[in-house]
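Using my numbering, the letters of the sequence shown correspond one by one to residues 1079 to 1265.
We put the beta carbon where it would ideally sit given N, CA and C, even for glycine.
What you are looking at is a predicted structure, and each value in this text was computed from that prediction instead of being measured.
Have a look at the structure below before the remarks.
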Amino acid sequence: MPLSRTEIIAIRDAAECLHDAGAVHQALDRMAMEITGLLGESLPVILCVLNGGIIPAGHLLTRLGFPLETGYLHATRYRGKTRGADMHWLCEPSIELQDRTVLIIDDILDEGLTLADIVDYCERSGADQVYSAVLVKKQHQRCAAGVSADFVGLQVEDRYVFGWGMDYKGYLRNMDGIYAIREPGSQ
């Protein structure tokens, strides 16, 4: 059952801001410098992971001053829920990846299962090198073996977060900061 506007506003208003807009922009500036240093001479394909990666990718792409090609893919485990399930591909990239350097941009690295599947897809499609960039990485020990992001903007506690592309049950991706659901009983 969809959430009501009142429920969504209550979640938003009760949330704790973990990183404000200024911190996000500083992280994106740093990531852009790191990406430019590594990929600036390679004419890469940049793939945005929809839906969550669209806001971080849009802001990051404007900071990359070198030639690149952009595309997208839509793969998800969440489908509007707060817990992941099996990988569901809604749209594969339309750009040829054979012999290309690929950078995948997504919103968050949590357990890494989605990222692992996307990297595997790119490698099976013949990509020469595959890198990943995430705006947020959760701090915990549950990440799938061997999965990491090459470029990470911010770290967050192991809490349910939203904003800057990350959603709460399909809503609040547009929040200008990284927010966490407030734990019961906390102020």
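Measure the C-alpha to C-alpha separation of residue i and residue j and round it to an integer number of angstroms.
| i | j | result |
| --- | --- | --- |
| VAL1214 | ALA1093 | 17 Å |
| ILE1196 | LEU1081 | 30 Å |
| ILE1124 | ILE1133 | 14 Å |
| TYR1199 | ALA1222 | 16 Å |
| GLY1248 | ALA1194 | 23 Å |
| TRP1242 | MET1111 | 20 Å |
| ILE1256 | ASP1236 | 13 Å |
| GLY1190 | SER1203 | 20 Å |
| GLN1104 | ARG1260 | 25 Å |
| TYR1229 | MET1109 | Tyr is not the amino acid found at residue 1229; the sequence shown has Phe there. Distance between the alpha carbons of PHE1229 and MET1109: 6 Å. |
| ASP1206 | ASP1177 | 5 Å |
| ALA1240 | GLU1174 | It is worth fixing the name first, because residue 1240 is Phe in this sequence and not Ala. One C-alpha to the other measures close to 32 Å. |
| ALA1135 | THR1148 | 10 Å |
| ASP1254 | LEU1117 | 28 Å |
| ARG1155 | THR1192 | 7 Å |
| GLN1219 | HIS1166 | 25 Å |
| GLN1233 | GLU1170 | 29 Å |
Please determine whether the Cβ atom of residue i lies at a distance below 6 Å from any heavy atom of the ligand FAD.
| i | result |
| --- | --- |
| TYR1257 | The ligand FAD is not part of the structure shown, which contains no ligands of any sort. |
Please state whether DSSP places residue i in a helix, a strand or coil.
| i | result |
| --- | --- |
| GLU1201 | helix |
| LEU1116 | helix |
| LEU1081 | coil |
| GLY1243 | coil |
| ALA1275 | The question about residue 1275 has no answer, for the chain in this structure spans 1079 to 1265. |
| ALA1092 | helix |
Does residue i pass the burial test, meaning 16 or more other C-beta atoms within 10 Å, or should it be called exposed?
| i | result |
| --- | --- |
| ILE1186 | buried |
| MET1079 | exposed |
| ILE1113 | buried |
| MET1231 | Residue identity differs from the one stated: residue 1231 is Gly in this sequence, not Met. Buried, by the Cβ-count rule. |
| ASP1188 | buried |
| ASP1091 | exposed |
| LEU1168 | exposed |
| ASP1245 | buried |
Check your understanding: Is there contact here, the region 1201-1213 with the region 1170-1187, by at least three beta-carbon pairs under 8 Å?
Key -> yes
Check your understanding: With contact counted as at least three CB pairs below 8 Å, one residue from each stretch, are the region 1099-1112 and the region 1122-1131 in contact?
Key -> no
Check your understanding: Which runs of the beta strand (DSSP E) fall wholly inside the region 1161-1239 and span at least 3 residues, in chain order?
Key -> 1166-1169, 1179-1187, 1207-1216, 1229-1234
Practice item. Determine, using beta-carbon pairs with one atom in the region 1104-1122 and one in the region 1142-1152, whether at least three such pairs fall under 8 Å. Key: yes
Point to revise | Contained alpha helix (DSSP H) runs [length at least 4] in the region 1126-1150, N- to C-terminal order | key: 1132-1139
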